[in-house]
Amino acid sequence: MVPIIEVKDLHHRYPNGCHALRGVSVTIDRGEFVAIIGQNGSGKTTFVKHLNGLLRATTGTVYVNGQDVSKHKVSEMARVVGYCFQNPDHQIFCDTVYNEVAYGPRNLHLSQAEIEERVIEALGAVGMLHLQASMPRDLSKGQRQRLAVAAVLSMHPEVLIVDEPTTGQDYRDGVDMLSLVQRLNQAGHTVLFITHDMPMVARFAQRVIVFRDGQILLDGTTREVFGQADVLRTTFLAPPQITSLAQALPEFFPDTVLSVAEMVDQTLAVLQKRGKEVRPS
Amino acid sequence: MMEYVPRRSLIHNLHPLTKLVWSLIILILALVFNNPWYLTAAILSVVLVGLIGKVVKETLVYLGAMLLVSGFVFVFQVLFRPGGQVLFTVFPSSWSVVGGWLPVTEGGVLYGIAMSLRMLCIVSAFPVILSTTQPRDIIMAMVDTLRVPYDYAFMFTAALRFMPIVMSEVSTISQAQRSRAYAVEGWNPIRKLKAFAPIAMPIVFIAIEKADRLGLCMDLRGYGSKGRTYLHVLKLRFLDWAVLALTVIVLIGSIVAATQGYGRIVIPQK
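Okay, here's the thing in structure tokens:
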């Protein structure tokens, strides 16, 4: 099967001379749930902006869904790639939640019935059906962010890119947001999200791509990437604390631990092997 | 947009007041002369100053953008200020009804060239000043030397500082909307105007929010408390006096020359 995203030796140089991407090659299959991490200025956002043509490759190729992105306008790529910007206020402009979500499908010149169906579906997916007549500016930050996702979802993109969905949110809004994205992933969307929040990465992502200085430093399953704490440290990243704790006790935890539940399981397994009768509380 | 470009140059070291006087004199020169060659020379002298100030690229980019505006000035002057010999008419005289309308005349073309160059000359000094002078120094020059109330001077530079921020926000908003298949299509002006809303609405809200935050930050940092003192006090130095003397000599020389008829041409008018 053709991978949904295929990037080969991508370089990007901004007009001011900043060489932001230096040879990025990556293949992402349909249905993957990918976290993109790295320091500010490491090229994460520059990279994802190539996937819908907001930025054009200086050299290298970007194929999405078998299409050469360089041959399409951003507005054409919008059918395939949905991009949620970090700040929802950069896109919200309508007088009602309904119209905001309907804006994208209207741009695609769909029929009225189809638009209505998609808006209802998208608002349902983000749990905001009851707010469809509200004014977007009156919503909370978390709600506005979910609205921004709905506004992109209603265009039925196969790929969903979410830029820093949890930044500036409290823990609960962050978990809500990523749970929503996870459901969309399970419903078939390929998801890429940029984040600085390592516990969220451990909890949600299946695959992690680490950027450093415009190149991919690490690329693998979440377990593989967080297992290489020493490599992550070179770009000032650290696995979640529970993972670091396990790594500090290698004789007890030879495998990478990603959650408290995993640590409990492994601890019990070790204790049982030593013949102690333990029962989790 | 014009922003301060931190570099080391002779022009950067000048007192803002010196640069303001210089730009004022460029303005007077632009009004005194109407000979296109003289006006071109004045513009080139500004570019030369930009070269000395190591901001020639910024200056030329700005002048390139302004060329569009002066192009409009040219077209309007040519069409609506006829005079002298008719070169041709926009609607050929052989056409019925509209034939012979909008004559393009010798006087119109000359006047158009002179006016568009004059406009270009007047605005040419701005990029050089703004890219070689820190906003806080402009405030200081206005407050300390020109006795402008601090509030007004601050307002002026805050507005200047705001423009690049707004432009970068507009670019982000435009990217966000294009990601939602926003595209301005076709000719229809009403549709074009409507297509403006997805960009205009967010920028208005964001600008208000940013202005609000700026006001709050100013309050928190004691803006408006009594007895303001200044960390950097600017003084006119020898170089400033030399430049000022030079510009004044050029000014007097130019006015004398203009009264003798140099640099002025007679443009036929109907």
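Residue numbers (the numbering used here), protein chains in the order written: chain A, 1 to 281; chain B, 1001 to 1270.
Where is the CB? At the ideal position from N, CA and C, for every residue including glycine.
Name, please, each residue of chain B whose Cβ falls closer than 8 Å to the Cβ of Lys-44 of chain A. Close partners of Lys-44 of chain A in chain B (Cβ separation under 8 Å) are lacking, with about 15 Å as the shortest Cβ gap.
Under 8 Å, do Pro-136 of chain A and Glu-164 of chain A count as touching if we go by C-beta distance? At the C-beta level, Pro-136 of chain A and Glu-164 of chain A stay beyond 8 Å of one another.
Can you grab the Cα-Cα spacing for the pair Leu-129 of chain A / Arg-144 of chain A, in whole Å? Cα to Cα, the separation comes out at about 13 Å.
Just to confirm, does Gln-266 of chain A get its C-beta within under 7 Å of one of the non-hydrogen atoms of the ligand GDP? As far as ligands go, the structure on display features none, and thus does not contain the ligand GDP.
Would Asp-1212 of chain B pass as a contact of His-1015 of chain B if the rule is Cβ separation under 8 Å? Cβ distance not < 8 Å, so Asp-1212 of chain B and His-1015 of chain B don't count as in contact.
Determine whether the beta carbon atoms of Tyr-1038 of chain B and Gly-1261 of chain B lie at a separation below 8 Å. No, they are not a contact pair.
Own chain partners of Gln-169 of chain A with C-beta closer than 8 Å, once the 5 adjacent residues on each side are dropped: Lys-141, Gly-142, Gln-145, Met-177, listed in sequence order.
Do you know offhand how far Gly-1064 of chain B's Cα is from Val-152 of chain A's? Gly-1064 of chain B and Val-152 of chain A: Cα-Cα distance of roughly 38 Å.
Cβ shell of Asp-29 of chain A (< 7 Å), same chain only, five flanking positions each side left out: Listed in chain order, the non-local C-beta contacts of Asp-29 of chain A below 7 Å within the same chain comprise Pro-3, Ile-4, local neighbours out to five positions each way being set aside.
Quick check on this structure: which residue in A:Val-97, A:Arg-172, A:Ser-134 has the alpha carbon closest to the alpha carbon of Ala-150 of chain A? Of the candidates A:Val-97, A:Arg-172, A:Ser-134, the one whose C-alpha sits nearest the C-alpha of Ala-150 of chain A is A:Val-97.
Reference Ile-1011 of chain B; option with closest CA among B:Ser-1023, B:Asn-1034, B:Phe-1033, B:Lys-1054: It is B:Lys-1054.
How about the stretch 221-232 of chain A and the stretch 188-206 of chain A: do they share at least three Cβ pairs that are nearer than 8 Å? Short answer: they touch.
Assuming Arg-1136 of chain B and Gly-1108 of chain B make a contact with CB atoms under 8 Å, what is their CB distance in whole Å? Wrong, their Cβ atoms sit about 46 Å apart, outside the cutoff.
Ala-151 of chain A: contacting residues in chain B (beta-carbon distance under 7 Å): Arg-1180, listed in chain order.
Residue environment, Tyr-1230 of chain B, which counts as buried when at least 16 other CB atoms sit within 10 Å: Flag for Tyr-1230 of chain B reads exposed.
According to the Cβ coordinates, are Leu-160 of chain A and His-189 of chain A closer than 8 Å? Against a cut-off of 8 Å, the Cβ pair of His-189 of chain A and Leu-160 of chain A comes out as a contact.
Whose C-beta lies closer than 6 Å to the C-beta of Gln-182 of chain A among residues of the same chain, with five residues either side of it excluded? Within the same chain, Phe-204 come within 6 Å of Gln-182 of chain A by CB-CB distance, once the 5 residues on both sides are set aside.
Look at the alpha carbon of His-156 of chain A and the alpha carbon of Val-62 of chain A, and state the distance between them as a whole number of angstroms. Each residue's Cα considered, the two are about 21 Å apart.
Selection of the stretch 1184-1213 of chain B by Cβ proximity to chain A, strictly under 7 Å: Cβ contacts with chain A come from Ala-1197, Pro-1198, Met-1201, Pro-1202, Phe-1205, Ile-1206.
Whole angstroms is fine: what's the gap from Ile-37 of chain A's alpha carbon to Gln-186 of chain A's? About 22 Å.
Which first and last residues belong to the beta strand (DSSP E) in which Val-26 of chain A is found? Run containing Val-26 of chain A: 19-28, per the beta strand (DSSP E) assignment.
Do Ala-1158 of chain B and Pro-1036 of chain B have their C-beta atoms closer together than 8 Å? Result no, Cβ atoms of Ala-1158 of chain B and Pro-1036 of chain B do not sit closer than 8 Å.
What's the C-alpha gap between Asn-52 of chain A and Val-7 of chain A? Counting only the Cα atoms, Val-7 of chain A lies some 12 Å from Asn-52 of chain A.
CB-CB under 7 Å to Ile-1139 of chain B, same chain, minus the five flanking residues each way: which ones, in chain order? Closer than 7 Å at Cβ, skipping near neighbours: Ala-1153, Phe-1154, Thr-1157.
Report yes or no: is there a C-beta of chain A within less than 8 Å of the C-beta of Thr-1059 of chain B? At a cut-off of 8 Å between C-beta atoms, Thr-1059 of chain B does not count as an interface residue with respect to chain A.
On the three-state DSSP scale, how would you describe Cys-1121 of chain B? Note: Cys-1121 of chain B maps to helix in three-state DSSP.
Looking at the structure shown, is Gly-1084 of chain B part of a helix, part of a strand, or coil, going by DSSP? Note: Gly-1084 of chain B maps to coil in three-state DSSP.
Of all the CB atoms in chain A, is at least one closer than 8 Å to the CB of Thr-1172 of chain B? It does; some Cβ of chain A falls within 8 Å.
DSSP beta-bridge partners for Glu-6 of chain A? Looking at the DSSP assignment, Glu-6 of chain A forms a beta bridge with A:Thr-27, A:Tyr-63.
Would the stretch 85-95 of chain A and the stretch 67-76 of chain A be scored as touching if the rule is three or more Cβ pairs under 8 Å? They do not touch, by the three-pair rule.
Decide yes or no for the touch test of the stretch 1245-1262 of chain B against the stretch 1024-1036 of chain B: beta carbon pairs closer than 8 Å, at least 3 of them. With the cut-off at 8 Å, the stretch 1245-1262 of chain B and the stretch 1024-1036 of chain B touch.
Within 10 angstroms of its Cβ, does Glu-264 of chain A collect 16 or more other Cβ (buried), or is it exposed? Residue identity check: residue 264 of chain A is Val in the sequence provided, not Glu. So Val-264 of chain A ends up on the exposed side.
Please list, in chain order, all residues of the same chain as Leu-139 of chain A whose beta carbon is under 8 Å from its beta carbon, the five residues on each side excluded. So the list reads Val-97, Leu-131, Leu-147, once near-sequence residues are dropped.
Simplified DSSP assignment, three categories, for Phe-193 of chain A: In the displayed model, Phe-193 of chain A falls within a strand according to three-state DSSP.
Cα-Cα, which of A:Thr-256, A:Phe-252, A:Ser-179, A:Glu-262 is closest to Leu-271 of chain A? Per the Cα distances, A:Phe-252.
Using only CA atoms, which one of A:Asp-9, A:Phe-226, A:Leu-245 lies nearest to Leu-237 of chain A? Cα-wise, what sits closest to Leu-237 of chain A is A:Phe-226.
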